[in-house]
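Participant: Below are the structure tokens for one structure; questions will follow.
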Amino acid sequence: MSRIQIPQELLERGPIGYRVQIVDYDATEDRFHGAHELPAALEQEPAAWKSGSPSIVHDFRFHAQNVYALVMKTLSRFEYALGRRIGWSFRTHQIKIAPHGMLDANAFYTPDAEGLVFGYFLGRSGAPVYTCLSHDVVVHETTHALLDALRERYLDPSSADQAAFHEGFSDVIALLSVFAQRELVLELLRGGRTRTKGVPNSMMRAADAGVDALKAHALFALAQQMGQELEGVRGSALRNSASIPLNKKLRDSAEYREPHRRGELLVAAVLHAFISVWAKRIKDIAIGVNALVPLERVAEEGADIADLMVTMWIRGLDYMPPVHVEFGDALSGALTADQELRPDDQRYELRAQTKAAFEAYGFRPAAGTLSGTWQAPPLDLDYSNVRFESMRTDKDEIFRFLWDNRTKFALRPGAYTEVLSVRPCTRIGEDGFTLHETVAEYYQVARLTPKELRAEKIKLPPGFERDLKEARRKKTARSSNGSAPLGAHQHGGTSEELSKDDDSDVTPLYGGGTLIFDDYGRLKYWIHNDVFGSRQSDRLKYLYEAGLLRASKGGARLSAARLSAVHRLRALDSRRFPQEGW
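Per this note's numbering, the sequence shown starts with residue 817, numbered consecutively.
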């Protein structure tokens, strides 16, 4: 058993708090398990809870406490890292959580139901398995909900990287959160190491804590503990990612173009960086001729590094573009966020190791700088018509700033522009350093005909323009046959007419940017994807080949992701069912 710290609050029966509402309803059995009342203090907890007795597996009141506590811990971790309160993606203040929501080896976030649904099933031993008791499953689903609130366009079809990002990022936060628990890391190390003659039980040799050794003792040991029973729910994410070799060619292979497998590359790069930093740190602190290090110190260092990394990646979300995120964008965002609050990285060399790990898998920082961090924006911006105080909270004031500088920000004429959010932040570094910033996101969308796309040097996928014209021909034929007045000439459109551009033959393009302002109201970073940018041709090609871009009677249509379906396909094992999609 391990303990976690969460914000204090007075709970109603359920439990129900100010951000989380447990609704213990089973849709499969159409049964409500009641509103649970949790102990008011640690000393009032049942003895079985304190000792970690196996009986808690069947105690639904403990299930309610476990899932409530982990969701609140994840929320508070995000709020600390980002330096502000975070709302959910829906309008209500509380997320609903069903700890025993269905008889199914699945768990998912559903914005439509404003909640998280955790399944249960009979394991291989015949005993029931409850996904709400798995630390990493609960954190993973909570991260989906928070990521959807922070980056609402990341579920849109875009690229192989964006399709993989939601799952990969949620895995990263879930797994690093597990490793941030010192007690668990110590248990993994004790259970996984090989006894060495002359080395006390409380010590280990630094030579036994290299990258490969730590992967074996910590990563694979945790994968085994997470267990055979939950293998389907989690898709063996940890074991698969930990075993992926360092190979730059994997990113362009057909296998790793598939979203679930590609997400494992993101997890693999982060975990390799984590293990590399951890191994180096152990080597630095080893003492004596035999280079021994206390086992508890090894666990403490590992937990501290995991905690730093999970904060770095959460904080990095604010430094990523609001649309079309790719792994290189995410990497530059995380590196920049860490540098802003932790400029001195000599102790861990966390940023250098993270950058090296991603490059080993073929992913370079999108910033294109030596450090991998984003560059400063244009200096000659016009601030004369805006007020700093208003820009901290007012979308209209941000839009005025964008409009006054529309040429420098490449706001495209004819594209619809909307400011999605304005979020003031107060971030606190590990040394108490306080950083005040304002984060704003804007979004652009344009719908262009094939001729307009060619004018912007954006290529439609081969065959797609023909599909658009065929959809228009069928629409014209149905309209002519079904509603033409008596005596009118009826036809399905001549070849000459169908060869022309039509206003209905439009393909949507999306773009946008993130603006980071300092505490004086001056722009620090501009992270953007141009709505008419050079990468749009590749995105359209990917979407068409993946079956996500289709021609219809109203022009091009994009198919969006549903996380419940994504998780179900993942549980079926994507490598055996490669036809699964977003």
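We put the CB at the ideal spot given by N, CA and C, even for glycine.
Which of the three DSSP states is assigned to serine 1350 in this structure?
Facilitator: DSSP places serine 1350 in coil when its eight states are reduced to three.
Participant: Does the beta-carbon of threonine 1223 have 16 or more other beta-carbons within 10 angstroms, so that it is buried, or is it exposed?
Facilitator: By the 10 Å Cβ count, threonine 1223 comes out exposed.
Participant: Helix, strand or coil: which one does DSSP assign to isoleucine 989?
Facilitator: Three-state result, isoleucine 989: helix.
Participant: By the DSSP assignment, the beta strand (DSSP E) with threonine 1209 in it spans what residues?
Facilitator: Note, threonine 1209: premise wrong, no beta strand (DSSP E); not H, not E.
Participant: Could you check if tryptophan 1398 is buried or exposed, using at least 16 other CB atoms within 10 Å of its CB as the buried criterion?
Facilitator: Any reading at tryptophan 1398 must be qualified, since the residue scores a pLDDT of 29, below 50, and its modelled position is unreliable; no value is offered.
Participant: Using the rule of at least 16 other Cβ atoms within 10 Å of the residue's Cβ for burial, across every protein chain shown, is asparagine 882 buried or exposed?
Facilitator: With 16 or more other Cβ atoms within 10 Å, it is buried.
Participant: Using DSSP bridges, identify the partner residues of threonine 1265.
Facilitator: Looking at the DSSP assignment, threonine 1265 forms no beta bridge with any residue, so it has no partner.
Participant: Of all the options Gly833, Leu886, Arg967 and Leu938, which has the alpha carbon lying nearest to the alpha carbon of threonine 1330?
Facilitator: Minimum Cα distance to threonine 1330 is reached at Arg967.
Participant: Tell me aspartate 842's beta-bridge partners as DSSP assigns them.
Facilitator: Per DSSP, Arg847.
Participant: Please identify the residue among Ala1372, Ala1183, Asp840 and His1033 whose C-alpha is closest to the C-alpha of leucine 1356.
Facilitator: Closest option to leucine 1356, Cα to Cα, is Ala1372.
Participant: Reducing DSSP to helix, strand and coil, say where histidine 874 ends up.
Facilitator: Of the three classes helix, strand and coil, the one that applies to histidine 874 here is helix, per DSSP.
Participant: By Cβ distance, which residues of its chain are closer than 7 Å to histidine 956, with the 5 residues on each side in sequence left out?
Facilitator: Excluding residues within five positions, the ones whose Cβ falls inside 7 Å are Ser986, Asp987 and Ala990.
Participant: Using a Cβ-Cβ cut-off of 7 Å (strictly less than) and excluding sequence neighbours within five positions of tryptophan 1190, which residues of its own chain qualify?
Facilitator: So the list reads Tyr1135, Ser1148, Thr1152, Ala1183, Tyr1341 and Ile1343, once near-sequence residues are dropped.
Participant: On the criterion of 16 or more Cβ atoms from any shown chain inside 10 Å, does glutamate 825 qualify as buried, or is it exposed?
Facilitator: The residue is exposed, with fewer than 16 neighbouring Cβ atoms inside 10 Å.
Participant: Would aspartate 920 be called buried (16 or more neighbouring beta carbons within 10 Å of its own) or exposed?
Facilitator: Under this definition aspartate 920 is a buried residue.
Participant: Per DSSP, arginine 1239 is paired with what?
Facilitator: DSSP output for arginine 1239 lists Val1255 as bridge partner(s).
Participant: Considering just the uninterrupted stretch of the alpha helix (DSSP H) at proline 1075, what are its terminal residues?
Facilitator: Note, proline 1075: alpha helix (DSSP H), 1075-1101.
Participant: So, are the CB atoms of isoleucine 1098 and alanine 1025 less than 9 Å apart?
Facilitator: Closer than 9 Å, so yes.
Participant: Would you grab the beta carbon distance between alanine 1122 and phenylalanine 1090 for me? Rounded to a whole angstrom, and I think it's under 8 Å.
Facilitator: Confirmed, Cβ separation roughly 6 Å.
Participant: What would DSSP say about threonine 1012, mapped onto helix, strand or coil?
Facilitator: In the structure shown, threonine 1012 sits in coil (DSSP, three-state: anything other than H, G, I, E or B).
Participant: Given this structure, state the Cα-to-Cα distance separating alanine 996 from serine 818, to the nearest angstrom.
Facilitator: When rounded, the distance between both Cα atoms is 11 Å.
Participant: Let me check understanding here. Comparing Cα to Cα, which of Lys866, Gly1118 and Lys1064 lies closest to valine 1001?
Facilitator: When each option's Cα is compared against that of valine 1001, the closest is Gly1118.
Participant: For isoleucine 1343, write down the residues that DSSP places opposite it in a beta bridge.
Facilitator: Isoleucine 1343 pairs with Thr1330.
Participant: Got a sec? Which residues, its chain only, sit under 8 Å from isoleucine 822 by beta carbon, not counting five neighbours each side?
Facilitator: If we look at isoleucine 822 and ignore the five residues flanking it on each side, its Cβ neighbours are Ala885, Met888, Lys889 and Ser892.
Participant: How is glycine 1149 classed by DSSP in three states: helix, strand or coil?
Facilitator: Here glycine 1149 sits in helix by DSSP.
Participant: Can you name, in chain order, every residue of its own chain whose Cβ lies under 6 Å from the Cβ of valine 1086, other than the five neighbours on each side?
Facilitator: For valine 1086, where only same-chain residues beyond five positions count, the Cβ hits under 6 Å are Val988.
Participant: Distance check for glycine 935 and serine 871, CA to CA, integer angstroms please.
Facilitator: Distance between the alpha carbons of serine 871 and glycine 935: 19 Å.
Participant: Quick one: what's got a C-beta closer than 8 Å to proline 1137's C-beta in the same chain, skipping five residues either side?
Facilitator: Answer for proline 1137: Asp1145, Gly1328, Gly1329, Thr1330, Ile1343, His1344 and Asn1345, listed in chain order.
Participant: Answer yes or no: do glutamate 1112 and serine 1018 have a C-beta to C-beta separation smaller than 9 Å?
Facilitator: In this structure, serine 1018 lies closer than 9 Å to glutamate 1112 by Cβ.
Participant: Nearest-angstrom Cα distance between arginine 1289 and arginine 1073?
Facilitator: Going from the Cα of arginine 1289 to the Cα of arginine 1073 covers about 34 Å.
Participant: Can you check which of these residues, Glu1213, Leu1359 and Phe878, is closest to proline 1324 by C-alpha distance?
Facilitator: Cα-wise, what sits closest to proline 1324 is Leu1359.
Participant: Considering only heavy atoms of the ligand PLP, does any lie closer than 8 Å to the CB of glycine 1132?
Facilitator: The model depicted lacks the ligand PLP and carries no ligand whatsoever.
Participant: So is arginine 1158 buried or exposed if we call it buried at 16+ other beta carbons inside 10 Å?
Facilitator: When all chains shown are included, arginine 1158 counts as buried.
Participant: Which partner residues does glycine 931 have in the DSSP bridge list?
Facilitator: In DSSP, glycine 931 forms a bridge with Lys912 and Thr926.
Participant: Could you name each continuous alpha helix (DSSP H) segment of 4 residues or more that falls completely within the stretch 931-981, going from the start of the chain to the end?
Facilitator: Those alpha helix (DSSP H) runs which fall completely within the stretch 931-981 and span 4+ residues are 951-966.
Participant: Hey, out of Phe1215, Leu1133 and Arg1243, whose CA is closest to aspartate 964's CA?
Facilitator: That would be Leu1133, whose Cα lies nearest to the Cα of aspartate 964.
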